[in-house]
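A.B. asks:
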Amino acid sequence: MSSRNIAVVVLAAGKGTRMKSDLHKVLHPIAGRPMLLHLLASAATLSPERTVVVTGAGREQVEAAVMPLGAKIAVQREQLGTGHAVMQAREALAGFTGDVLILYGDVPLVRAETMRAMIERLDAADAPAVVVLGFRPADAGAYGRLIVAEGGDRLEKIVEFKDADAAERAVTLCNSGLMAARGELLFDLLAKLGNDNAAGEYYLTDVVELSGAAVVVEASAAEVTGVNSRGELAAVEAMWQQARRAQAMANGATLIAPETVWFAHDTRLGRDVTIEPNVVFGPGVSVADGATIRAFSHLEGATVGARAEVGPYARLRPGAVLAESAKVGNFVEIKKANVGVGAKVNHLSYIGDAEVGARANIGAGTITCNYDGFFKYRTVIGEGAFVGSNSALVAPVSVGAGAIVGAGSVVVRDVTADSLALARGRQEERGGWAKRFRDAMTAKKKGQ
Numbered sequence: 001m002s003s004r005n006i007a008v009v010v011l012a013a014g015k016g017t018r019m020k021s022d023l024h025k026v027l028h029p030i031a032g033r034p035m036l037l038h039l040l041a042s043a044a045t046l047s048p049e050r051t052v053v054v055t056g057a058g059r060e061q062v063e064a065a066v067m068p069l070g071a072k073i074a075v076q077r078e079q080l081g082t083g084h085a086v087m088q089a090r091e092a093l094a095g096f097t098g099d100v101l102i103l104y105g106d107v108p109l110v111r112a113e114t115m116r117a118m119i120e121r122l123d124a125a126d127a128p129a130v131v132v133l134g135f136r137p138a139d140a141g142a143y144g145r146l147i148v149a150e151g152g153d154r155l156e157k158i159v160e161f162k163d164a165d166a167a168e169r170a171v172t173l174c175n176s177g178l179m180a181a182r183g184e185l186l187f188d189l190l191a192k193l194g195n196d197n198a199a200g201e202y203y204l205t206d207v208v209e210l211s212g213a214a215v216v217v218e219a220s221a222a223e224v225t226g227v228n229s230r231g232e233l234a235a236v237e238a239m240w241q242q243a244r245r246a247q248a249m250a251n252g253a254t255l256i257a258p259e260t261v262w263f264a265h266d267t268r269l270g271r272d273v274t275i276e277p278n279v280v281f282g283p284g285v286s287v288a289d290g291a292t293i294r295a296f297s298h299l300e301g302a303t304v305g306a307r308a309e310v311g312p313y314a315r316l317r318p319g320a321v322l323a324e325s326a327k328v329g330n331f332v333e334i335k336k337a338n339v340g341v342g343a344k345v346n347h348l349s350y351i352g353d354a355e356v357g358a359r360a361n362i363g364a365g366t367i368t369c370n371y372d373g374f375f376k377y378r379t380v381i382g383e384g385a386f387v388g389s390n391s392a393l394v395a396p397v398s399v400g401a402g403a404i405v406g407a408g409s410v411v412v413r414d415v416t417a418d419s420l421a422l423a424r425g426r427q428e429e430r431g432g433w434a435k436r437f438r439d440a441m442t443a444k445k446k447g448q
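Each residue of the sequence shown is one higher than the one before, starting from 1 at the first, in full-length UniProt numbering.
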């Protein structure tokens with residue numbers, strides 16, 4: 001990697017009208033993370049000295065998203081083209097010496113490796129002034145073409161499709177719009193841009209001809225896919241998911257039906273994890289070695305221990321922590337609760353704001369009643385405790401180690417260790433009552 005300093009400028013001033021949304025275009029999520037933050041995370045691996053996001057309409061939303069990351073905001077008040085947008089970063093880059101990487105906030109999948117390749121080419125022995133990122137789509141369509149000198153990577157010119165002749169339109173190398181430039185030259189080149197064109201805009205691509213020393217680095221078409229509509233957002237999400245599934249399997253996870261599993265940007269999987277069909281991971285999930293996530297489960301903000309089992313049809317909400325070999329079964333919801341080693345919550349239960357001890361067994365239909373309409377309270381269930389089916393534990397309450405709670409109980413006081421708690425009405429039986437009732441009702445019905 002170059003020893004020169006690096007600055008990153010991200011263009012995000014477009015209004016994004018095709019999204020038809022109150023949310024700024026570059027903040028629409030991919031895998032649970034705003035697309036702009038995907039891009040900034042990749043750029044951060046280059047350890048840039050400065051990062052500048054150029055925005056316009058909706059700047060408050062963008063600023064709130066990027067300021068915690070230490071990025072600076074520059075404002076393009078009028079939409080006068082990409083060259084004009086980069087000019088707005090001049091003040092934020094005052095005194096900077098080094099290489100400037102120019103990216104687009106709605107092109108979120110550019111890999112850090114590609115960014116490095118651009119910077120390394122910029123700092124090669126022949127010292128080009130500008131590096132342009134090219135790609136070869138399956139259908140070049142109306143993309144601008146990169147005309148490269150034969151036998152090398154020197155860029156002779158960028159030709160817009162409408163201005164290209166037949167030979168130039170036959171070229172398959174297209175312009176992504178991304179580039180890197182020497183900081184000491186960039187703003188001098190931008191100052192020379194004109195806007196004598198139909199749109200009256202200052203085009204960043206014009207710096208190629210002005211520099212007289214531009215080269216091309218190539219990337220895959222997938223990397224430079226842009227997002228301008230909800231349909232394109234869905235397409236990029238699908239691309240990201242496909243790549244993440246392949247990575248998960250390459251790293252030792254089994255996906256029974258890969259195309260039905262949806263990951264978040266930060267999902268972590270151990271070795272020999274098995275994921276059944278139709279599983280959704282929200283942000284903040286970690287799954288340890290040998291765990292099994294069964295079909296139709298949804299996990300978010302949860303930690304799953306080694307050899308634990310989840311589902312089918314389970315929901316783990318933020319703060320759910322399953323220890324080694326714990327089991328959470330069908331139609332069980334866990335929220336802000338620790339489920340201990342080997343503990344079982346197998347059926348139709350809600351465990352929230354709770355501590356479930358090792359080897360405890362929670363019967364079907366059990367609920368920790370953790371909320372009184374104003375405050376949340378905690379339930380503690382000791383090691384080896386057994387809670388019978390259809391029980392309600394009204395927090396704050398504890399069930400001691402080894403204790404048993406009889407089925408159908410409503411527990412409102414602490415249960416001591418190794419004791420039996422019964423909290424239900426006494427059963428009564430009235431012999432023959434049911435037959436007398438049926439006979440009376442039958443006679444009444446016949447008399448109508």
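Virtual Cβ for every residue (Gly too), placed ideally from N, Cα, C.
1) How about Lys157 and Glu209: are their beta carbons less than 8 Å apart?
2) Secondary structure at Val224, three-state DSSP: helix, strand or coil?
3) Answer yes or no: do Phe96 and Glu168 have a C-beta to C-beta separation smaller than 8 Å?
4) Counting pairs of Cβ atoms below 8 Å between the stretch 352-360 and the stretch 329-344, do you hit three or more?
5) Run through DSSP, which three-state label would Phe437 get?
6) Report yes if the CB atom of Leu322 is closer than 8 Å to the CB atom of Glu300, and no otherwise.
7) Reducing DSSP to helix, strand and coil, say where Ser325 ends up.
8) Considering only the beta carbon of each residue, do Ser405 and Ser391 sit closer than 8 Å?
9) Can you tell me where the alpha helix (DSSP H) holding Phe187 begins and where it ends?
10) Taking the DSSP output, what are the residues bridged to Ala421?
11) Taking 8 Å as the limit between beta carbons, can you name the residues of its chain near Gly226, skipping five residues before and five after?
12) Where Ser229 and Lys25 are concerned, what is the direct C-alpha to C-alpha distance, given to the nearest angstrom?
13) Measure the alpha-carbon distance for Ala85 versus Ile293 and round it to whole angstroms.
14) Would you give the residue range spanned by the alpha helix (DSSP H) that Ile119 belongs to?
15) Could you tell me how far apart the beta carbons of Val132 and Leu109 are, in whole angstroms, since I believe they sit closer than 8 Å?
16) Answer yes or no: do Arg307 and Ala291 have a C-beta to C-beta separation smaller than 8 Å?
17) Where does Tyr371 land, buried or exposed, given buried means 16+ other C-beta within 10 angstroms?
18) According to DSSP, is Phe283 part of a helix, a strand, or is it coil?
19) Between Pro318 and the rest of its own chain, which residues show a CB-CB distance below 8 Å, the 5 nearest in sequence each way excluded?
20) Do Ala164 and Arg145 have their C-beta atoms within less than 8 Å of each other?
21) Looking at Trp240: is its Cβ nearer than 8 Å to the Cβ of Ala31?
22) Check whether the stretch 428-441 and the stretch 407-417 are in contact - that is, three or more C-beta pairs closer than 8 Å.
23) In its own chain, which residues sit with a C-beta less than 8 Å from the C-beta of Ser47, not counting the 5 before and 5 after it?
24) Following the continuous beta strand (DSSP E) through His347, name the residue where it begins and the one where it ends.
25) Taking Cβ to Cβ, would you say Ala65 is nearer than 8 Å to Leu27?
26) Check Pro128 in the structure and name its three-state DSSP category.
27) Mapping the DSSP letters down to three states, classify Gly305 as helix, strand or coil.
28) What is the rounded straight-line gap between the Cα of Ile343 and the Cα of Arg244?
29) What are the boundary residues of the alpha helix (DSSP H) that includes Arg169?
30) Less than 8 Å between C-beta atoms, sequence neighbours within five positions excluded: which residues of the same chain meet that for Val217?
31) Name the two residues that bound the continuous beta strand (DSSP E) containing Asp353.
32) Please state the DSSP three-state secondary structure of residue 514.
33) Quick one: is Gln76 buried, meaning 16 or more other Cβ sit within 10 Å of its Cβ, or exposed?
34) Roughly how many whole angstroms lie between the Cα atoms of Gly14 and Pro34?
35) So what's Leu69 in DSSP terms, helix, strand or just coil?
C.D. replies: Inspection of the coordinates gives the following:
1) yes
2) Three-state DSSP puts Val224 in coil, outside helix and strand.
3) no
4) yes
5) helix
6) no
7) coil
8) Reading off the sequence, residue 405 comes out as Val, not Ser. Contact flag set, yes.
9) Gly183 to Ala191
10) Val405
11) Tyr104, Asp106, Val107 and Glu232
12) 9 Å
13) Approximately 47 Å, taken between the alpha carbons.
14) Ala112 to Leu122
15) That belief does not hold up - the Cβ atoms of Val132 and Leu109 are roughly 18 Å apart, past 8 Å.
16) yes
17) exposed
18) Sequence inspection shows Pro at residue 283; the Phe mentioned does not correspond to that position. Note: Pro283 maps to coil in three-state DSSP.
19) Gly284, Glu300, Gly301, Ala302, Lys335 and Lys336
20) yes
21) yes
22) no
23) Ile6
24) Lys344 to His347
25) Taking 8 Å as the Cβ cut-off, Ala65 and Leu27 qualify as a contacting pair.
26) coil
27) coil
28) It is worth fixing the name first, because residue 343 is Ala in this sequence and not Ile. Going by the C-alpha atoms only, they are around 31 Å apart.
29) Ala166 to Arg169
30) Once the five neighbours on either side are set aside, the close Cβ partners of Val217 are Thr114, Ala117, Met118, Arg121, Val131, Val132, Leu133, Gly134 and Asp153.
31) Tyr350 to Val356
32) This structure gives no information on residue 514, because the portion of the chain shown stretches from 1 to 448.
33) Gln76 sits buried, since 16 or more C-beta atoms from the chains shown fall within 10 Å of its C-beta.
34) Between Gly14 and Pro34, the C-alpha separation is close to 16 Å.
35) Leu69 carries a helical assignment under DSSP once its states are collapsed to helix, strand and coil.
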